[in-house]
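A.B. asks: Protein chains in written order, with the numbering used here: chain A, 1 to 342; chain B, 343 to 684; chain C, 685 to 1026; chain D, 1027 to 1368.
Protein chains: 4
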Amino acid sequence: MTRVGIVGGTGYTGVELLRLLLGHPGVEPVVITSRSEAGRLVADLFPNLRGHLDLSFSQPDMEQLQGCDLVFFATPNGTAMKMVPELLAAGTRVIDLAADFRIKDVAVWEQWYGMKHACPELLDQAVYGLPEMNREAVQGAQLVANPGCYPTAVTLGFLPLIEQGVVARRGLIADCKSGVSGAGRGASVPMLMGEAGESFKAYAVPGHRHLPEIRQNLAVAAREPVELTFVPHLLPMIRGIHATLYARAGRELDLQQLFEQHYADERFVDVLPAGSHPETRSVRSVNDCRIAIHQPQGGDTVVVLSVIDNLVKGAAGQAVQNMNLMLGLEEQMGLSAVALLP
Amino acid sequence: MTRVGIVGGTGYTGVELLRLLLGHPGVEPVVITSRSEAGRLVADLFPNLRGHLDLSFSQPDMEQLQGCDLVFFATPNGTAMKMVPELLAAGTRVIDLAADFRIKDVAVWEQWYGMKHACPELLDQAVYGLPEMNREAVQGAQLVANPGCYPTAVTLGFLPLIEQGVVARRGLIADCKSGVSGAGRGASVPMLMGEAGESFKAYAVPGHRHLPEIRQNLAVAAREPVELTFVPHLLPMIRGIHATLYARAGRELDLQQLFEQHYADERFVDVLPAGSHPETRSVRSVNDCRIAIHQPQGGDTVVVLSVIDNLVKGAAGQAVQNMNLMLGLEEQMGLSAVALLP
Amino acid sequence: MTRVGIVGGTGYTGVELLRLLLGHPGVEPVVITSRSEAGRLVADLFPNLRGHLDLSFSQPDMEQLQGCDLVFFATPNGTAMKMVPELLAAGTRVIDLAADFRIKDVAVWEQWYGMKHACPELLDQAVYGLPEMNREAVQGAQLVANPGCYPTAVTLGFLPLIEQGVVARRGLIADCKSGVSGAGRGASVPMLMGEAGESFKAYAVPGHRHLPEIRQNLAVAAREPVELTFVPHLLPMIRGIHATLYARAGRELDLQQLFEQHYADERFVDVLPAGSHPETRSVRSVNDCRIAIHQPQGGDTVVVLSVIDNLVKGAAGQAVQNMNLMLGLEEQMGLSAVALLP
Amino acid sequence: MTRVGIVGGTGYTGVELLRLLLGHPGVEPVVITSRSEAGRLVADLFPNLRGHLDLSFSQPDMEQLQGCDLVFFATPNGTAMKMVPELLAAGTRVIDLAADFRIKDVAVWEQWYGMKHACPELLDQAVYGLPEMNREAVQGAQLVANPGCYPTAVTLGFLPLIEQGVVARRGLIADCKSGVSGAGRGASVPMLMGEAGESFKAYAVPGHRHLPEIRQNLAVAAREPVELTFVPHLLPMIRGIHATLYARAGRELDLQQLFEQHYADERFVDVLPAGSHPETRSVRSVNDCRIAIHQPQGGDTVVVLSVIDNLVKGAAGQAVQNMNLMLGLEEQMGLSAVALLP
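Written out as structure tokens, the structure reads:
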């Protein structure tokens, strides 16, 4: 059994990671840290874990973490970067589910995240953990930056189009909608059910932190910068992201076939039959990304619909997928359950 | 008191129309027809009306309807066109909340609605009842085609941009999201709470009936055809439409000012301060359309956010607004309540 | 125009009170205080008020409040009692929507609310503002204690049975369910949509602050103490309370007739026809309490179903009803709208 | 691999059964029948099964079903009883998830279900499949009547109290709340999201089909008839049942200890620590029943809170548990996942 630790396990990403790890045959969570909840049974905070996990939250302890084969950070942005160098030095592999190592350009990162980076020297070494782009690099990585939820849905939806250059690299639009769990488990007025329920709105239209991350991914695929507008919205539901992507077709091609071929060997990307409309609930609780491609009325505008569970393929599930790759396990180990519907 | 009738009052549009008319000081609903519910107290079907309305549903009776000053059709598409000629002939004015008279080109209508039009000769005479475009015509109209819900939100959001020619007329995108009440009160599996709850999806991406209606409106504003992609989505909530509109800026202009000036005299269109993100709940139960304009990172892409209550400004409220105009009443009579929040 | 003030208008009760007062023809809100939001436009905090109200929150100022004819307290428990004596001394009438003056026995109050009462000498003078029990006293009151939401639904449901002595006064059960808005607008983890959505639970079974209030009401009606079990539950929705009440029939009587007669003259209590099941949505946004009475299979157990909108008849609407009585206005002035459905 | 069949797999019970069976290491679904959907891929109807199941719905075929080791009926009431005799005769074991074999008294069954029973001679042989009451009988059963959702939650909550005779057997109250999935996947107006969303109501207070089933269970436990009032309510959410149970304490006893001891060996009944309030979401997607016991203010009224997922322990999960017992497999095989939260 591989011993894994979780730093900062009191949020939705933390509990989802625990749910998945407890169903994983090859690893065992041995330490879960939380400064605020140290000493409390994890199952007290997350009632779904009662009967499945006897661990209590503990104060972060470097020695104990170094005793793990792999450590997940499910902390707020800016925490992992302070602890990761020491862990790597001790030979412990790390997957950061926050944003500390996602952006290669430290100036861009510091601008969007509003803080000084603590270990910019690790940014080169960190592998961006989207296996569908970077599988080989992840397999050999010591440090994986687990992608953001929006960037996962958007990148997977645009990837075949951008890589093949079949759409214009200007005027890309990602109109994205996320359930409230994407905002985390911190107390806040806008996420109260009385505020977020039975309503819908866009937010952060002037600029959202996932924008530079998406741009970076697409620029890698395009081998040049792309121009993208990203508009996130808040859905009155708990789990799920739906990305509706728009691009201008640059040349004629069977896009359905393009997508099917591109993802033919990907276990977690499911290209739906032509004419489909994926529902977020069809991937609730599982690590799949489902994609449909449309070209309405045969016009120039390509529309891609891409759905994930923001807490699974958008966070904890993708982290487990990366862990499997890093540990040389079967990529889908612990990730083969059927989605919960209804 | 002006006497009004409603044909087909068993859907959500019907009950909302009754709610608004019962709070209106100048009119009185005197007949509500329904073939399926004839003889049943209206308040039995719609418990919110109990204590406010003593009428029962009656079989449609032309004589009785002709006795009304104005008749609303809240019927499925294809019903009004069979009865309207006779009503107009008798001098009764008509507002059709369905789609029978919305499209000027009968061939286009017949293609999208899949039936033969019963009175194409009336299409010219019918006034498209978006007061913010056609106020004067509505005032003198005998027959008003009340706009669709999506077309209302989208048209009001694009109108200043298109009319002024400040955006490209190609590549327009309307990414729209609607609550389930937009699908009506008919029993159907996809609208069950077990199906539509806690999930989100696009639908009708290849083509939706509101597309030709929106295109027609924008072409009128542009004085030439426009190229538009329209993607509707279903929200897991009851009321509200959010349209997220994208266009390419053609020339520099203070868009905030453009919108504020364009709608300066419009009581039901509220241009929010720069940087705003309207919530659908802020217009729940009221006839307002709220709009915010963004140009993220100063790029070429203009983003307009437009919200309405699909049952009010998107249906029954707009019908009352049109009625007020047709009857020479104050435009906002009966439409000045405060939205219900939370 | 009567000038009214609101102390503490940043919660759901505050915004609902403003919504109702803005639709009331006889009064005008002239001051709304908030220590935390002083200086901010009220319509900034509550977007539904935009275009309807130009007031800003102000620091509480005794002189300004004394200039009002009537002041509402929509503050947390324990605030009103510190300011009310001074207001009453100046001749300003007061309606407290919090709990400071609801319990006549100061020892009971101090035990359940965990603080010392600041003006126990006013408890006798304060009128418990349930008009259906205390209409005359409210009409002459200087200080009204507006009832709690659960106590309103439960008391109105039990009242005819208890007053007439047709049920046992032991073993009464009130199984109550409330939407999340009952918990207020304060940031808290349990009220996040991610926590309260798609789930249901009881809470405070060992004891809830509304228990002594309900007991007090029923004891008044019974002219002796009653024995009651009260179990509140949290519903995954925003507005509405449903009380399911159980009692043992003590003697044979036509209970339907009993209720209909008891509430025959009450405008805001609607006894439904025999066999009915009231829905919370049928009273959403309005001041009605709807009640149905059952005696399943002709057994000994009487079941009363009672629904209200917790923010209207359970808070702000009842406060307006009390205000109308205190000011000698028509009791239903400003409270006659139709409920919002769907 | 044990070969199992499902008759009538187009409802929520059917898809949930498939989800659980696909994660079960010891069985394989080989036939799924549906008259209405015959020929269609099951994964077309239930998108969560895409990639996990290649079966299509087939016309019910007795020979094919007899080729299964065990057949589940997930059909409407009244279907299984017409096919079961032939299956049993062929040696195929049967679990009926509908109500055909739940009630021992055929007259009672025919009264509540409004039809003639097709094989009353099998009622004696049928085992009521609540393992916590009838484990041994289930192990040897050829025909299991899988319990109703409400009866499961209510019976498990009352069982220790009734069996030990520590509460009065008169005046029992079961105030139950269910998510909409309990009403099935058939198109109906009351289950539309526009009707059932954001609202709450009781239903069937005069009498619900689960009442005689609960009474039968409790009478078995009490060894005499009990008197019970059962009031079901509809929750605005998808999954979950919460039963709030009331009884009069007959004699002093440590109820917490009673429950803990009673269920000490039960893997799927979890007695929470004293003072707890179980949430329905804590058992979402899993086969657990969680129970808390209260005696508020030390009074005579005992309050038991009992939660299950209506589609799992209330239907498909319990059916799998019964199947495991019938097949001699480990009782919790395929049923050990962690609940999905949030």
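Ideal Cβ placement from N, Cα and C applies to all residues, glycine included.
What are the boundary residues of the beta strand (DSSP E) that A/His-52 is part of?
C.D. replies: That residue, A/His-52, is in no beta strand (DSSP E); it is neither H nor E in DSSP.
A.B. asks: Run the CB neighbour count on B/Ala-525, radius 10 Å, all protein chains shown included, and call it buried at 16 or more, exposed below.
C.D. replies: B/Ala-525 is buried by the Cβ-count criterion.
A.B. asks: Does the stretch 174–194 of chain A come into contact with the stretch 142–157 of chain A, if we say contact requires no fewer than three beta-carbon pairs (one atom in each stretch) closer than 8 Å?
C.D. replies: A contact exists between the stretch 174–194 of chain A and the stretch 142–157 of chain A.
A.B. asks: So A/Ile-238 and A/Gly-314 are supposed to be a Cβ contact under 8 Å. How far apart are they, rounded?
C.D. replies: Wrong, their Cβ atoms sit about 13 Å apart, outside the cutoff.
A.B. asks: By alpha-carbon positions, which one of D/Val-1312, D/Lys-1227, D/Ile-1240, D/Leu-1331 ends up nearest to D/Tyr-1272?
C.D. replies: Per the Cα distances, D/Leu-1331.
A.B. asks: Quick check on A/Tyr-246: does DSSP put it in helix, strand or coil?
C.D. replies: In this structure, A/Tyr-246 counts as strand in the three-state DSSP scheme.
A.B. asks: State the DSSP-derived secondary structure class of B/Pro-462, mapped to helix, strand or coil.
C.D. replies: Helix at B/Pro-462.
A.B. asks: Between the stretch 367–384 of chain B and the stretch 168–177 of chain A, can you find at least three pairs of beta-carbon atoms closer than 8 Å?
C.D. replies: Verdict: no, contact absent.
A.B. asks: Decide yes or no for the touch test of the stretch 937–950 of chain C against the stretch 881–894 of chain C: beta carbon pairs closer than 8 Å, at least 3 of them.
C.D. replies: Judged by Cβ distances under 8 Å, the stretch 937–950 of chain C makes no contact with the stretch 881–894 of chain C, as fewer than three pairs qualify.
A.B. asks: Closer than 7 Å, CB to CB, is D/Ser-1207 near chain B or not?
C.D. replies: Judged by the 7 Å Cβ criterion, D/Ser-1207 is in contact with chain B.
A.B. asks: Output, in chain order, the set of chain C residues within a Cβ distance shorter than 7 Å of A/Arg-3.
C.D. replies: Those do not exist, as A/Arg-3 stays about 30 Å from chain C at its closest Cβ, beyond 7 Å.
A.B. asks: Out of C/Asp-784, C/Val-991, C/Met-767, C/Met-799, point me to the one whose CA is closest to C/Asp-808's CA.
C.D. replies: Nearest C-alpha to C/Asp-808: C/Asp-784.
A.B. asks: Would you call B/Arg-593 buried or exposed, if buried means 16 or more other Cβ atoms sit within 10 Å of its Cβ?
C.D. replies: Classification of B/Arg-593: exposed, given that the 10 Å Cβ count is below 16.
A.B. asks: Take every Cβ of the stretch 408–419 of chain B, pair it with every Cβ of the stretch 328–335 of chain A, and state whether three or more of those distances are shorter than 8 Å.
C.D. replies: With the cut-off at 8 Å, the stretch 408–419 of chain B and the stretch 328–335 of chain A do not touch.
A.B. asks: So C/Phe-842 is in the alpha helix (DSSP H); what residue range does that whole segment cover?
C.D. replies: Segment 833–847, the alpha helix (DSSP H) holding C/Phe-842.
A.B. asks: I'd like to know if B/Ala-538 contacts chain A, where contact means its C-beta is closer than 7 Å to some C-beta of that chain.
C.D. replies: Closer than 7 Å: no.
A.B. asks: Name the residue from D/Gly-1220, D/Glu-1189, D/Val-1215, D/Asp-1291 whose alpha carbon lies nearest to the alpha carbon of D/Ala-1245.
C.D. replies: When only C-alpha atoms are compared, the closest one is D/Glu-1189.
A.B. asks: Within 10 angstroms of the Cβ of C/Gly-775, are there 16 or more other Cβ atoms? Answer buried if so, exposed if not.
C.D. replies: So C/Gly-775 counts as exposed.
A.B. asks: Which residue marks the beginning of the beta strand (DSSP E) containing B/Lys-696, and which one marks its end?
C.D. replies: Here chain B comprises residues numbered 343 to 684, so residue 696 of chain B is not present and cannot be evaluated.
A.B. asks: Below 8 Å on the Cβ atoms is my guess for C/Leu-876 versus A/Ala-187; work out the distance and round it to an integer in Å.
C.D. replies: About 7 Å separates the two Cβ atoms, so the contact holds.
A.B. asks: Taking C/Pro-916 as the query, report the chain B residues whose CB atoms sit under 7 Å from its CB, ordered along the chain.
C.D. replies: What C/Pro-916 touches in chain B: nothing, since even the nearest Cβ is about 19 Å away.
A.B. asks: With 16 as the cutoff for other CB atoms within 10 Å, does D/Arg-1241 come out buried or exposed?
C.D. replies: Buried, by the Cβ-count rule.
A.B. asks: If you follow the alpha helix (DSSP H) that B/Ala-561 is part of, which residue opens it and which one closes it?
C.D. replies: 552–564 is the span of the alpha helix (DSSP H), which, as asked, contains B/Ala-561.
A.B. asks: Using a cut-off of 8 Å between C-beta atoms, extract the partners of B/Ile-580 located in chain F.
C.D. replies: Judged by its chain identifiers, the structure shown contains no chain F, and its protein chains are A, B, C and D.
A.B. asks: Below 7 Å between beta carbons: does that hold for C/Val-1098 and C/Val-1022?
C.D. replies: Lying before the first or after the last residue shown, residue 1098 of chain C is absent from chain C, which here runs from 685 to 1026.
A.B. asks: Just reading off the alpha helix (DSSP H) that D/Lys-1108 is part of, what are its end residues?
C.D. replies: Segment 1106–1115, the alpha helix (DSSP H) holding D/Lys-1108.
A.B. asks: Looking only at DSSP bridge pairs, what is D/Asp-1296 linked to?
C.D. replies: Note: D/Asp-1296 sits in a beta bridge opposite D/Arg-1316.
A.B. asks: Specify, as a first and last residue, the run of the beta strand (DSSP E) that D/Arg-1029 falls within.
C.D. replies: It spans 1028–1033 - the beta strand (DSSP E) in which D/Arg-1029 sits, taken as one unbroken run.
A.B. asks: Identify every residue that forms a DSSP beta bridge with B/Leu-516.
C.D. replies: Going by the sequence as given, residue 516 of chain B is Ala instead of Leu. B/Ala-516 pairs with B/Phe-572, B/Leu-587.
A.B. asks: For a test of the three-state rule: what should DSSP assign to C/Glu-712, helix, strand or coil?
C.D. replies: C/Glu-712: strand per DSSP, three-state reduction.
A.B. asks: By the three-class DSSP mapping on this structure, what secondary structure does A/Asp-427 have?
C.D. replies: This structure cannot speak to residue 427 of chain A, because chain A is shown only from 1 to 342.
A.B. asks: If distances are taken between C-alpha atoms only, which option among D/Arg-1161, D/Gly-1220, D/Pro-1368, D/Gly-1301 comes closest to A/Arg-284?
C.D. replies: The option with the nearest alpha carbon to A/Arg-284 is D/Pro-1368.
A.B. asks: Are the CB atoms of B/Pro-578 and B/Trp-454 nearer to each other than 7 Å?
C.D. replies: Contact flag unset, no.
A.B. asks: Using the three-state DSSP reduction, which class does D/Ala-1222 fall into: helix, strand or coil?
C.D. replies: The answer is helix: DSSP assigns D/Ala-1222 an H, G or I state.
A.B. asks: To the nearest angstrom, how far is it from the Cα of B/Gly-617 to the Cα of A/Pro-232?
C.D. replies: Near 14 Å, if we compare the C-alpha coordinates of A/Pro-232 and B/Gly-617.
A.B. asks: When we look at the beta-carbon of A/Asp-309 and count the other beta-carbons within 10 Å, is it buried (16 or more) or exposed?
C.D. replies: Label assigned to A/Asp-309: buried.
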